[in-house]
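Student:
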Amino acid sequence: MDVVVAVGVAVLLYAVVRAGSGTPVSFTPSRGGRLGADPAHLPYYAVRSLLRMFAALGVSLVFALVYAYAAAHSRRLERVLIPALDVLQSIPVLAFLTVAVSGFVALFPGSAFGLECASIFAIFTSQAWNMAFAFYHSMAQTPRELDELSRDLGFTRWMRFWRIELPGGAIPLVWNAMMSFGGGWFFLVASEMMTVRDRGRALPGVGAYAGRAIAAGSLRDVGWAIGAMAVMVVGVNFLFWRPLVAWAERFKVEQAGAAEIQRSLVLDFLRRAHWPRVLARVLAPAGEAAGRAGRVFGRDGRPFRDGGRRRRLGDAVFGAAVVLAIGWGAVDLVRYLNERTGLGVFGEPLLLGLATLARVVVLIAVATVVWVPVGVRIGLSPRLTRVAQPIVQLLASFPANFLFPLATWFFVRTGLPLNLGGILLMALGAQWYILFNAIAGAMAIPTDLREAMDDLGLRGWRRWRRLIVPGVFPAYVTGVVTASGGAWNASIVSEIVAFGGTTLTATGLGAYVARAAESGDHPRLFAGVTVMALYVVGMNRLLWRRLYRLAERRYSL
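In numbering that gives the first Met the number 0, the protein residues as written are 0 to 556.
#1: Just the Cα atoms here: how many angstroms apart are Met531 and Val221?
#2: Please classify Leu106: is it buried, with 16 or more other beta-carbons within 10 angstroms of its beta-carbon, or exposed?
#3: Go ahead and label Ser263 buried or exposed: buried means 16 or more other beta carbons lie within 10 angstroms of its beta carbon, across all protein chains shown.
#4: Rounded to a whole number of angstroms, what is the C-alpha to C-alpha distance between Val8 and Arg74?
#5: When the Cβ atoms of the segment 125-143 are set against those of the segment 531-545, are three or more pairs found closer than 8 Å?
#6: Does the structure place the segment 504-524 close enough to the segment 432-439 that three or more beta carbon pairs sit under 8 Å?
#7: Determine the direct distance from the alpha carbon of Gln140 to that of Glu551, and round the result to whole angstroms.
#8: Can you tell me whether Leu503 is helix, strand or coil according to DSSP?
#9: Tell me whether the beta-carbon of Leu60 lies closer than 9 Å to the beta-carbon of Ala69.
#10: Please look up how many angstroms separate the CB atoms of Gly414 and Glu494, rounded, as I've assumed it's under 8 Å.
#11: Using 8 Å for Cβ pairs, my map puts Val333 next to Leu323. What's the rounded Cβ distance?
#12: So within the segment 67-93, which uninterrupted alpha helix (DSSP H) runs reach at least 4 residues, ignoring any that extend past its ends?
#13: Of the choices Pro242, Val230, Ile225, whose alpha-carbon is the least far from that of Ile170?
#14: Suppose contacts are defined by Cβ-Cβ distances below 9 Å. Is Phe134 in contact with Leu172 by that definition?
#15: Tell me the residue span of the alpha helix (DSSP H) that contains Tyr135.
#16: Starting from Asn436, trace the alpha helix (DSSP H) in both directions and tell me its first and last residue.
#17: What is the C-beta distance between Gly374 and Leu434, in whole angstroms, given that I count them as a contact (C-beta under 8 Å)?
#18: Enumerate in chain order the residues of its own chain whose CB-to-CB distance from Val640 is below 7 Å, with the five nearest sequence positions on each side excluded.
#19: Here's the rule: buried if 16 or more other CB atoms are within 10 angstroms of the residue's CB, otherwise exposed. What is Val277?
#20: Excluding sequence positions up to five away, which residues of its chain have a Cβ less than 7 Å from the Cβ of Arg30?
#21: Select from Val386, Val365, Phe345, Ile213 the residue whose C-alpha is nearest the C-alpha of Ala406.
#22: Excluding five sequence neighbours on each side, which residues of the same chain lie with their C-beta closer than 8 Å to the C-beta of Pro302?
#23: Just the C-alpha distance for Leu481 and Ser137, rounded to the nearest angstrom, thanks.
#24: Run through the DSSP bridge pairs and tell me what Thr155 is partnered with.
#25: Let's test the definition: count the other Cβ atoms within 10 Å of the Cβ of Pro416 and tell me whether it reaches 16, buried, or not, exposed.
#26: Round the Cβ separation of Val391 and Tyr475 to the nearest angstrom and send it over; I've been treating them as touching at under 8 Å.
#27: Kindly indicate the opening and closing residues of the alpha helix (DSSP H) around Trp174.
#28: Around the C-beta of Gly485, are 16 or more other C-beta atoms found within 10 angstroms, so that it is buried, or is it exposed?
#29: What separation, rounded to the nearest whole angstrom, lies between the Cα atoms of Val330 and Val528?
#30: How close, in whole Å, do the beta carbons of Phe403 and Val512 come, if the pair is a contact with beta carbons under 8 Å?
#31: If contact is defined by three or more beta carbon pairs under 8 Å, each pair taking one atom from either stretch, is the segment 503-520 in contact with the segment 339-357?
#32: Once the 5 residues before and after Met563 are set aside, which same chain residues still bring their CB inside 8 Å of it?
#33: Based on Cα-Cα distance, which residue from Ala443, Leu394, His40 lies nearest to Pro142?
#34: Which whole runs of the beta strand (DSSP E) in the segment 329-381 are 3 residues long or more, in chain order?
#35: Could you check the C-alpha separation between Gly478 and Val365 for me, to the nearest Å?
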C-alpha cells in the first residue's frame, strides 16, 4: 500500500509540473490562440483544465471559510456580507471575465500566466458563493450544546472554529464544494476562450477544444470532447470526491452509529498505508504552533461586539461608511451610463428580466418536486449513495453547454421554441444544487432520530412531516438560494445557443447580457448585470431569506 500511494503521489506531481510548465509562456495577442484539432492532444488539455479547476477550488475554499466566518461572527459585517454574497452570485461569469482579463493581462504583460489567472478567477466566481453560503448556514446552526460546551470550557476562537464549526460544516461543505466543482465545468468553455485586445485567445484545455469544435460545427470533435470530459468527471469523482464524502461521515453529529457507512477504495488504500500517519506526525508541531498562535484571537466567551452606547455608536459609524461607499459607487455608475447611453438603458433589461424570472420560477418549482424526494432517498441509504453518487456527480459536473449542439439540432427538428427549451437548458446547470443539498441534508439527519422514528412506527407522510422535512429544510434552503442564482447565471448561455451556422435566441435578460458581452457594449453590459443582480437580490430578500430564517428558528438541531 505504501508503494502504491507513493507512486500515485509521484505521478500526480509529475503531471502537475509537466502541465504547469506551459502556463508562464509568452504570447502575442495579435496572433490569437490556436489549438490543435488532433484528439491526441486531449490528455494534455485535460490536465491543464484540471489544474485550473483545482486551483480555483482551493481559492474558493479559503474564501468560503474566511467570508462565512466573518459573516457568522460579526453582526455588523453580516448585514453587508450576506447581501453582497447575493449580489456576487447573481453577477454572470462573463461579466467577471470581462474585467478579469484586462486586469490580469496588465498585471502579467506578455505572459500567458495572466490569462491563466483570469481563467482561474472566472472559475472561482462560479464556485465560491455556493460554498460560502453552505458554510455560513452550518455555522449559524451550530447545535446549542456544542456552543455551550465551547464557552464553558473557555475555547479560544481558533479552537472553536477548528474543533466545532469546521467539523460541523464538513458534510454540507463537501457536498456543496462538489456541486461548485460541477458549476466550474459548466463555464469551462467561457473561462478558457476569452478576448484580449479585441482578438480571441484560447488556453489549452478541454473547454477551449470543445468551444472550437462547436464554432466549427464538427460533431466528431464535440464527441471527443464529451468523451474526455466524461473520463475526467468519473476519474475526479473516484479519486477525489468519493474519498472525501466517505471521510466526512466521521463528522456527523449523532448519538448512535450508522448501520452502514460510506466506503471508498481510495480512502481504504490511504488508511492502510503508513504515509498519512507519518505525515501527521511531521505536521503535528505545526498544528500545535497554529493552536498557540490562535490565542491572539481571544476566547469564545467574549463576544466580538460591544454593548450599550458604544455598540450603537459603532453601528451608526459602520452604517454611514457603508451607505457612503455604496452611494458613491451608485452615483459614479449612473453618471457613466448617463454620459454614454442615458438612464433609459435600464428599461429593456427590466422587461426582459421578467421573462427570465418566469423561467427561473418554473425551474425551481419543478426541480423541488422532482429532486428533493430523490435526494432524500439517496442520502438516507449509504448503499444507494455508493451507487448513485458517481451517476449524480457525472450528471451534475458534465458541462451542459457541451450538449447544446445536440439541443440546437433537436429544437430545429422539433420546432420547439427556445423560449420554452431554455428552461430545460437552464435546469441542466442549476437543478443539481437542490439535489446535492437534499442529499447532504438527508445524510446529516442523526441515526438516533431515524431509529426513534422506526421505534415509534412513523411511516409515509407522517415520517416526512415529523423528521425528513424538518431535517432537510435548512439544507434545501441553501440549495434553492444557490440554484436560483445559478439559474440566472445559466441563462447567459441558455438563452442563446449556436452550432455551426445555426443560432437560436430566446427572449430574456440572459440573451441581452450575452449579446452585450460579445459586442463589447459595456454600458448595456453593466445595465444588464445590475438588473440581474436586482432581480436575484429581490427574490432572496422577499422569499428565500424568510425561508432561511424559518429554518434557523424552527428546524436547526
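Just so you know, even glycine gets a beta-carbon here, dropped at the ideal spot from N, CA and C.
Tutor: The answer reads as follows:
#1: Stepping through the sequence shown from its first residue, residue 531 is reached at position 532. Stepping through the sequence shown from its first residue, residue 221 is reached at position 222. Rounded to the nearest angstrom, the gap between the Cα atoms of Met531 and Val221 is 31 Å.
#2: Numbered from 1 along the sequence shown, position 107 holds the residue referred to as residue 106. Burial call: exposed.
#3: To locate residue 263, count along the sequence shown from 1; it is residue 264. Answer is buried; the Cβ neighbour count reaches 16.
#4: Residue 8 sits at position 9 when you count from the first residue of the sequence shown. Residue 74 sits at position 75 when you count from the first residue of the sequence shown. Rounded to whole angstroms, Val8 to Arg74 spans 44 Å at the Cα level.
#5: These segments do not touch.
#6: The segment 432-439 is not in contact with the segment 504-524.
#7: Working through the sequence shown from its first residue, we reach residue 551 at position 552. Working through the sequence shown from its first residue, we reach residue 140 at position 141. If I take the Cα positions, the gap works out to 6 Å.
#8: The residue you call residue 503 lines up with position 504 of the sequence shown. Collapsing the DSSP output to three states places Leu503 in a strand.
#9: To locate residue 60, count along the sequence shown from 1; it is residue 61. To locate residue 69, count along the sequence shown from 1; it is residue 70. No, Cβ-Cβ distance for Leu60 and Ala69 is not below 9 Å.
#10: Taking the sequence shown and counting its residues from 1, the one referred to as residue 414 is at position 415. Taking the sequence shown and counting its residues from 1, the one referred to as residue 494 is at position 495. The distance from the Cβ of Gly414 to that of Glu494 is about 18 Å, inconsistent with a contact at the 8 Å cut-off.
#11: Position 334 of the sequence shown, counted from the start, is the residue given in the question as residue 333. Position 324 of the sequence shown, counted from the start, is the residue given in the question as residue 323. Actually they do not touch by this definition, with Cβ atoms about 16 Å apart.
#12: If you keep only unbroken alpha helix (DSSP H) runs of at least 4 residues inside the segment 67-93, you get 74-89.
#13: Counting from one through the sequence shown, the residue named residue 170 turns up at place 171. Just measuring C-alpha positions, the residue of Pro242, Val230, Ile225 sitting nearest Ile170 is Pro242.
#14: Walking along the sequence shown from the start, residue 134 turns up at place 135. Walking along the sequence shown from the start, residue 172 turns up at place 173. Yes. Within cutoff.
#15: As a first step, residue 135 must be located in the sequence shown, where it is residue number 136. Element bounds for Tyr135: 127-139.
#16: Here residue 436 corresponds to residue number 437 of the sequence shown, with the count starting at 1. DSSP places Asn436 inside the alpha helix (DSSP H), whose first and last residues are 417-442.
#17: For the purposes of this step, residue 374 is identified with residue 375 of the sequence shown, where counting begins at 1. For the purposes of this step, residue 434 is identified with residue 435 of the sequence shown, where counting begins at 1. Between Gly374 and Leu434 a beta carbon distance of about 5 Å is seen, short of the 8 Å cut, so the two are scored as contacting.
#18: Outside the displayed span of the chain (0 to 556) sits residue 640, for which this structure offers no information.
#19: On the sequence shown, residue 277 is found 278 positions in, with the first residue counted as 1. Val277 is exposed by the Cβ-count criterion.
#20: In the sequence shown, the residue the question calls residue 30 occupies position 31. Bear in mind that a pLDDT of 45 at Arg30, under 50, signals an unreliable position, so the model cannot answer this.
#21: Here residue 406 refers to the residue found at position 407 when the sequence shown is read from its first residue. For Ala406, the nearest C-alpha among the options comes from Ile213.
#22: For the purposes of this step, residue 302 is taken as the residue at position 303 of the sequence shown. Residue placement at Pro302 cannot be trusted, given a pLDDT of 49 that sits under 50; the coordinates are not used to answer.
#23: Taking the first residue of the sequence shown as position 1, residue 481 is located at position 482. Taking the first residue of the sequence shown as position 1, residue 137 is located at position 138. One point to set straight first is that residue 481 is Thr, not Leu, in the sequence displayed. Using only the alpha carbons, I get a separation of about 15 Å.
#24: Here residue 155 is taken as the residue at index 156 of the sequence shown, counted from 1. Thr155 is bridged to Arg298.
#25: Locating residue 416 in the sequence shown gives position 417, where the first residue counts as 1. Flag for Pro416 reads exposed.
#26: Residue 391 sits at position 392 when you count from the first residue of the sequence shown. Residue 475 sits at position 476 when you count from the first residue of the sequence shown. Rounded to the nearest angstrom, the Cβ distance from Val391 to Tyr475 is 16 Å, too far for a contact under 8 Å.
#27: Residue numbering aside, residue 174 sits at position 175 when the sequence shown is read from its first letter. From DSSP, the alpha helix (DSSP H) with Trp174 extends over 169-185.
#28: Here the question's residue 485 lines up with position 486 in the sequence shown. By the neighbour-count criterion, in which 16 or more other beta carbons inside 10 Å mark a residue as buried, Gly485 falls on the buried side.
#29: Counting from 1 along the sequence shown, the entry for residue 330 is found at position 331. Counting from 1 along the sequence shown, the entry for residue 528 is found at position 529. Rounded to whole angstroms, Val330 to Val528 spans 16 Å at the Cα level.
#30: As a working mapping, residue 403 is identified with position 404 in the sequence shown. As a working mapping, residue 512 is identified with position 513 in the sequence shown. Rounded to the nearest angstrom, the Cβ distance from Phe403 to Val512 is 17 Å, too far for a contact under 8 Å.
#31: In the pairwise beta carbon analysis, the segment 339-357 is classified as touching the segment 503-520: at least three pairs are separated by under 8 Å.
#32: The structure shown does not extend to residue 563, since the chain is modelled only from 0 through 556, so no value can be given for it.
#33: The residue labelled residue 142 in the question sits at position 143 within the sequence shown. Nearest to Pro142 by alpha-carbon distance, out of Ala443, Leu394, His40, is Ala443.
#34: Entirely contained in the segment 329-381, not one beta strand (DSSP E) run reaches 3 residues.
#35: By 1-based counting over the sequence shown, the position of residue 478 is 479. By 1-based counting over the sequence shown, the position of residue 365 is 366. Spanning the alpha carbons of Gly478 and Val365 requires a straight line of approximately 14 Å.
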